[in-house]
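Every letter in the sequence shown is one number past the one before it in this note's numbering, and letter 210, counting from 1, is 1400. Notes for the one structure printed next.
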Amino acid sequence: MRGDQMIKRYLDKYSTAVLLFPYITLFIIFIVIPVVAAVGLSFTYFNTIEWPKFIGLDNYINLFTKDEVFMQKVVPNTIVYSIFVGIGGYLLSFFLAWSLSQISKLPRTILAIIIYSPSMTGGVLLTTVWSVIFNGDKSGYLNYILLKFNVIKEPVLWLQSDKYLLVIMIIVTLWSSMGVGFLAILAGILNINEELYEAAYIDGVKNRFQEIIYVTIPSAKPQMLFGAVMALVNTFQSSGIGVALSGANPTPNYAGQLIVTHIEDYGFIRYEMGYAAAISVVLLIIIRFSSVGAQKLFGNSDY
């Protein structure tokens, strides 16, 4: 009897720690250790054959002062891509979610499934479908249509052109980015109490725009924050689409080269692991500041 009581007291006292232990272990193994290792390697020259050689801040200095591709191609491409895919995709998710919330349940459900379904498309299938559309010969759907209507005289190499690749990457990513973030925002808007809107109009709200600003966004802040985080994650997760579409890393004339693909180029093609780690640390800092910004914008002041 006393033994059972001791076990019960032990479980009551340490049950939280016992339950959290597997998750903490996985977090340390797959998050903390890789981050610490990346930071450490960023101060070394490491080619996977020889032992890492400490070189101080040389990788960071070279990244910002000598890597012309990074400063002239990768950074501008990443900024443009992030604005259209991250911010633009997030605003598009909100607009679509708000628009669907204004219609009846059956068409809303059907349209939500249609909008969400591209996000379930696997990377291989996604690349295959869009590669057929933008194929560079006459069999490509886009070339076929434009040639038929005499818009162009010769087939255009869409995916090998530094003029069009980044634009195509943005289009493809936006098409496939209306995922769980979009659904979360839609759910948040649908859960807003209608009485809040009625009270807002009594207090002076005069149109739908003011309704969105003063009622919808403040009332759906948790879902808006989740949508912002998912937009941020999607922006960097999908950045390999340029390599998948063009079939090359680096992409043609670095037209679709983003920070993530620049890391892959140096890490898995050139095997300059120390330099790739330095770029990864820079990316980690960017993501951290972006997530803090999203928290400041949509998070609660209590956090």
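Built from N, CA and C at the ideal position, the CB exists for glycine as well.
| query | result |
| --- | --- |
| Can you tell me the Cα-Cα spacing of Asn-1267 and Ser-1367, whole angstroms? | 19 Å |
| With a threshold of 7 Å on Cβ separation, who are the neighbours of Ser-1480 within its own chain once the five nearest residues in sequence on each side are excluded? | Leu-1422 |
| Could you tell me the distance, in whole angstroms, from the CA atom of Gly-1394 to the CA atom of Ile-1403? | 13 Å |
| For Leu-1355, I'd like the list of residues in its chain whose CB is within less than 8 Å of its CB, leaving aside the five on either flank, ordered along the chain. | Trp-1348, Leu-1349, Gly-1432, Leu-1435, Ser-1436, Thr-1441, Pro-1442, Ala-1445, Gly-1446 |
| How should Asp-1257 be labelled, buried or exposed, when 16 other C-beta atoms within 10 angstroms of its C-beta is the threshold for buried? | buried |
| In the DSSP assignment, what residue or residues form a beta bridge with Phe-1244? | Thr-1234 |
| My output table needs one value for Val-1433: the three-state DSSP class, helix, strand or coil. | helix |
| Please determine, among Ala-1484, Ala-1467, Gly-1483, Leu-1487, the residue with the shortest C-alpha to C-alpha distance to Val-1225. | Ala-1467 |
| For the putative contact between Ala-1438 and Leu-1376, defined by C-beta atoms under 8 Å, what is the C-beta separation to the nearest angstrom? | Actually they do not touch by this definition, with Cβ atoms about 38 Å apart. |
| Taking the C-alpha atoms as reference points, what is the distance between Val-1344 and Ile-1449? | What sits at residue 1344 in the sequence shown is Glu, not Val. Going by the C-alpha atoms only, they are around 33 Å apart. |
| Hey, quick one: how far does the alpha helix (DSSP H) through Arg-1478 stretch, first residue to last? | 1463–1488 |
| Taking just the CA atoms, how far does Ile-1476 sit from Lys-1486? | 15 Å |
| Please go through the same chain and pick out, in chain order, the residues whose beta-carbon is closer than 6 Å to the beta-carbon of Gly-1279, but skip the five residues on each side of it. | Leu-1364, Ser-1367, Ala-1421 |
| I'd like the list of long-range same chain contacts for Thr-1406, defined as Cβ closer than 8 Å, with 5 residues on each side in sequence excluded. | Trp-1288, Ile-1379, Ile-1382 |
| CA-CA distance, Tyr-1493 and Phe-1324? | With a pLDDT of 41 at Tyr-1493, under the threshold of 50, the modelled position of that residue is not reliable, and the figure given next carries that caveat. The alpha-carbon atoms of Tyr-1493 and Phe-1324 are separated by roughly 46 Å. |
| Which residue wins for smallest C-alpha separation from Ala-1484, given the options His-1452, Val-1419, Tyr-1456? | Val-1419 |
| Express the C-alpha separation of Leu-1216 and Val-1362 in angstroms, rounding to a whole number. | 34 Å |
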